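Undergrad: Going by this note's numbering, the first residue of the sequence shown is number 411, and it counts up by one from there.
Every residue gets a Cβ at the ideal spot worked out from N, C-alpha and C, and that includes glycine.
Just so it is clear, the structure is predicted and the values come from calculations on it, not from any experiment.
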Amino acid sequence: MSEHNFTRANKQDAYQHHDYYLMDELLSEEHILIRNTVRDWVKRDLSPIIEDAAQKAAFPHHIIKGLGEVGAFGPQLPAEYGCGGMDYITYGIIMQELERCDSGIRSTASVQGSLVMYPIYKFGSEEQKHKYLPKLAKGEMMGCFGLTEPDHGSNPAGMVTNFKDAGDGKHVILNGAKMWISNAPFADIAVVWAKNEEGKIKGIIVERGMEGFTTPETHNKWSLRASATGELVFNDVKVPKENILPGVEGLKGPLTCLNSARYGISWGAIGAALDCYDTALRYSKERVQFGKPIGGFQLQQKKLAEMITEITKAQLLTWRLGVLMNEGRATPAQISMAKRNNVDMALTIARNARQMLGGMGITGEYPIMRHMMNLESVVTYEGTHDIHLLITGMDITGENAFS
Ligand code: TGC
Ligand code: FAD
Numbered sequence: 411m412s413e414h415n416f417t418r419a420n421k422q423d424a425y426q427h428h429d430y431y432l433m434d435e436l437l438s439e440e441h442i443l444i445r446n447t448v449r450d451w452v453k454r455d456l457s458p459i460i461e462d463a464a465q466k467a468a469f470p471h472h473i474i475k476g477l478g479e480v481g482a483f484g485p486q487l488p489a490e491y492g493c494g495g496m497d498y499i500t501y502g503i504i505m506q507e508l509e510r511c512d513s514g515i516r517s518t519a520s521v522q523g524s525l526v527m528y529p530i531y532k533f534g535s536e537e538q539k540h541k542y543l544p545k546l547a548k549g550e551m552m553g554c555f556g557l558t559e560p561d562h563g564s565n566p567a568g569m570v571t572n573f574k575d576a577g578d579g580k581h582v583i584l585n586g587a588k589m590w591i592s593n594a595p596f597a598d599i600a601v602v603w604a605k606n607e608e609g610k611i612k613g614i615i616v617e618r619g620m621e622g623f624t625t626p627e628t629h630n631k632w633s634l635r636a637s638a639t640g641e642l643v644f645n646d647v648k649v650p651k652e653n654i655l656p657g658v659e660g661l662k663g664p665l666t667c668l669n670s671a672r673y674g675i676s677w678g679a680i681g682a683a684l685d686c687y688d689t690a691l692r693y694s695k696e697r698v699q700f701g702k703p704i705g706g707f708q709l710q711q712k713k714l715a716e717m718i719t720e721i722t723k724a725q726l727l728t729w730r731l732g733v734l735m736n737e738g739r740a741t742p743a744q745i746s747m748a749k750r751n752n753v754d755m756a757l758t759i760a761r762n763a764r765q766m767l768g769g770m771g772i773t774g775e776y777p778i779m780r781h782m783m784n785l786e787s788v789v790t791y792e793g794t795h796d797i798h799l800l801i802t803g804m805d806i807t808g809e810n811a812f813s
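Have a look at this one:
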């Protein structure tokens, strides 16, 4: 066994960065550089305005340019289409830094990168890639992803949105509705999944301004208030055939995109957890009750110790998953496990951290309640907590428990 060097400096460093197992040593210089760039931008441009945006339930549109500049849109896609040309760990790190501030902002970026740019890159024609990807990467154009329908959430295979030939040789006619769509109220384009005349699911790019296409906003959310959510309504929308994604047919199209987005969420959730842990840890050292800081009471130490243990386990899980993603070896079931575990971990930490702040925990003076409410959406979207458990169940038993 090699000799250990348990230095105090090592420990202090780890505490400072909440990197208990010195995971940074597994990252490259480029990873750390990009993390610092995004972290600095978040601190300067996002953190000061996020609470106000959430309180007002208004997406801060002016941050889109900055998100594009720090490379938050499609960093994992090839540079030849104006994208970042980086690896999946970089993508994860960026999602983590954004969600450390707010899940809603990470949502905006992960929808754009994984659910709009990725399907165009993976299943689009060369013309579609050149037309849309460079603008989407810069944030000059924003997109949304329409899979969920009012009557088909966990079971998207049952979707009723459909298109048929317009008879002019050039267009199809799209009808139906999608709901709970992130970015819908302001998106310039929507990647919509709809059935063709044979009942096969295809992806189709619908552009704002097409007649019969509207995007009413969803109001009164208590969660993801800094993210804009809406419906996509298609009333005899005439869409050029050249907007259909040629490279895929069937439910595996949208589900392949979800693999990428769910992977990003597994990193993002750690960001929210870290912010809650960090806030509770600092508060526990400052808040005095019964003559000493509450961090000196065993009950509070138990909460903090369990938080950093769970964060550390989640960091190890995502790092390994990132390596498998880079090698093209990650399975959908592995991604489901990480998304489910890490979001649940973050939600539990948010709930415990909120209690540690007592009454102050419910105010906007601290970010914990906002994270907690946001995570109630994150645990539901991109496949619910239950659905991901059933995916693991099916993977290990070979038995399908969905229906
Ligand atoms: P099933 O029969 O199992 O599969 C149909 C076809 O799809 C293939 N497949 C996958 N392919 C790639 N990746 C995956 N993860 C895949 N899972 C399945 C499968 O091999 C099959 O292919 P083929 O060639 O044989 O046709 O499908 P099912 O109808 O039984 O459904 C399975 C289930 C329940 C796991 C799936 O429907 C599911 O994941 N449901 C959850 C729905 C969901 O996650 N919706 C998310 C909507 S988007 C969103 O929430 C964005 S929020 C973003 C934000 O704001 O950040
Ligand atoms: P349902 O499917 O009706 O599920 C209700 C409950 O039943 C859940 O607890 C679920 O786990 C459980 N359940 C369902 N089936 C089973 C089963 N077989 N076994 C056991 N339990 C089951 N969708 C998009 O397409 N694009 C987006 O950009 C998008 N953004 C979103 C943003 C927000 C803020 C929210 C809240 C949602 C968003 N969604 C989006 C939709 C999201 O993906 C769905 O809400 C999610 O997939 C669940 O569908 P549902 O809400 O219809 O719940």
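Can you look up G476 in the DSSP assignment and give me helix, strand or coil?
TA: G476 falls in the helix class under three-state DSSP.
Undergrad: Identify, in the order they occur along the chain, each residue of the same chain with its Cβ nearer than 6 Å to the Cβ of I599, setting aside the five sequence neighbours on each side.
TA: Same-chain partners within the cutoff: G553, I615 and E617.
Undergrad: Can you round the beta-carbon distance between N752 and A715 to whole angstroms, since I take them to be within the 8 Å contact cut?
TA: That belief does not hold up - the Cβ atoms of N752 and A715 are roughly 19 Å apart, past 8 Å.
Undergrad: Give the straight-line distance between the Cα atoms of C795 and V521, rounded to the nearest whole angstrom.
TA: As written in the sequence, residue 795 is His, which differs from the Cys given in the question. For H795 and V521, the distance between alpha carbons rounds to 19 Å.
Undergrad: Please state whether DSSP places L757 in a helix, a strand or coil.
TA: It is helical.
Undergrad: Report the rounded CA-to-CA distance for M692 versus P529, giving the unit in angstroms.
TA: Position check: residue 692 holds Arg in this sequence, whereas Met was assumed. Roughly 42 Å between the two C-alpha positions.
Undergrad: So what's S592 in DSSP terms, helix, strand or just coil?
TA: S592: strand per DSSP, three-state reduction.
Undergrad: Can you check which of these residues, T758, A763, Y673 and Y687, is closest to R730 by C-alpha distance?
TA: It is Y673.
Undergrad: Which word fits K574, buried or exposed, when buried means at least 16 other C-beta atoms lie within 10 angstroms of its C-beta?
TA: Counting Cβ neighbours within 10 Å, K574 comes out exposed, since fewer than 16 surround it.
Undergrad: Per DSSP, which residues does F573 bridge with? Please list them.
TA: For F573, which the question treats as bridged, DSSP gives the partners L584.
Undergrad: Contact defined as beta carbons within less than 8 Å: I believe H471 pairs with F596. What is the distance between those atoms, to the nearest angstrom?
TA: About 7 Å; that satisfies the 8 Å criterion.
Undergrad: So is A587 in contact with chain B if we call contact Cβ pairs under 7 Å?
TA: Given the protein chain composition of this structure (a single chain), no chain B is represented.
Undergrad: Answer with buried or exposed for E435, where buried requires no fewer than 16 other C-beta atoms within 10 angstroms of its C-beta.
TA: By the neighbour-count rule (16 or more Cβ atoms within 10 Å), E435 is not buried but exposed.
Undergrad: Going along the chain, which residues of its own chain have a beta-carbon closer than 7 Å to the beta-carbon of G476, five neighbours each way excluded?
TA: Once the five neighbours on either side are set aside, the close Cβ partners of G476 are W451 and D455.
Undergrad: Could you pull the start and end residues of the alpha helix (DSSP H) that I599 belongs to?
TA: Premise fails: I599 lies in the beta strand (DSSP E), I599 to K605, not in any alpha helix (DSSP H).
Undergrad: Which residues in the same chain as A419 place their Cβ atom closer than 7 Å to its Cβ, once the five residues preceding and following it in sequence are excluded?
TA: The predicted model places A419 with a pLDDT of 47, which falls under 50 and marks its position as unreliable; any figure quoted below should be read in that light. Same-chain partners within the cutoff: there are none.
Undergrad: Could you say which of A594, V601 and N572 lies nearest to E607 if we only look at CA atoms?
TA: Out of A594, V601 and N572, N572 has the C-alpha closest to the C-alpha of E607.
Undergrad: Since C493 is in the alpha helix (DSSP H), which residue starts that stretch and which ends it?
TA: Segment: none, C493 is in no alpha helix (DSSP H) and carries neither H nor E.
Undergrad: Over what stretch of residues does the alpha helix (DSSP H) that includes K712 continue unbroken?
TA: Residues Q708 to N736.
Undergrad: Going by beta carbon distance, what residues of the same chain come within less than 8 Å of V698, once the five residues before and after it are set aside?
TA: The answer, listed in chain order, is I704.
Undergrad: Between S520 and ligand 2, is the CB less than 6 Å from at least one heavy atom?
TA: No - ligand 2 has no heavy atom lying nearer than 6 Å to the Cβ of S520.
Undergrad: Among the residues of its own chain, which have a CB less than 7 Å from the CB of K662, if the five just before and after it don't count?
TA: Closer than 7 Å at Cβ, skipping near neighbours: no residue.
Undergrad: With a 10 Å radius around its C-beta and 16 neighbouring C-beta atoms as the bar for buried, classify W632 as buried or exposed.
TA: So W632 ends up on the exposed side.
Undergrad: Measuring from the CB of G563, is there a heavy atom of ligand 2 at a distance below 6 Å?
TA: Checking every heavy atom of ligand 2 against the Cβ of G563, one is found closer than 6 Å.
Undergrad: If you follow the alpha helix (DSSP H) that E507 is part of, which residue opens it and which one closes it?
TA: Counting along the chain, the alpha helix (DSSP H) containing E507 begins and ends at Y498 to C511.
Undergrad: Using 8 Å as the threshold, is the stretch 754–761 in touch with the stretch 682–690, meaning 3 or more CB pairs across them?
TA: Result yes; three or more Cβ-Cβ pairs closer than 8 Å.
Undergrad: So the beta strand (DSSP E) V643 belongs to, where does it begin and stop?
TA: T639 to P650 is the span of the beta strand (DSSP E), which, as asked, contains V643.
Undergrad: Could you tell me how far apart the beta carbons of F533 and N585 are, in whole angstroms, since I believe they sit closer than 8 Å?
TA: That belief does not hold up - the Cβ atoms of F533 and N585 are roughly 22 Å apart, past 8 Å.
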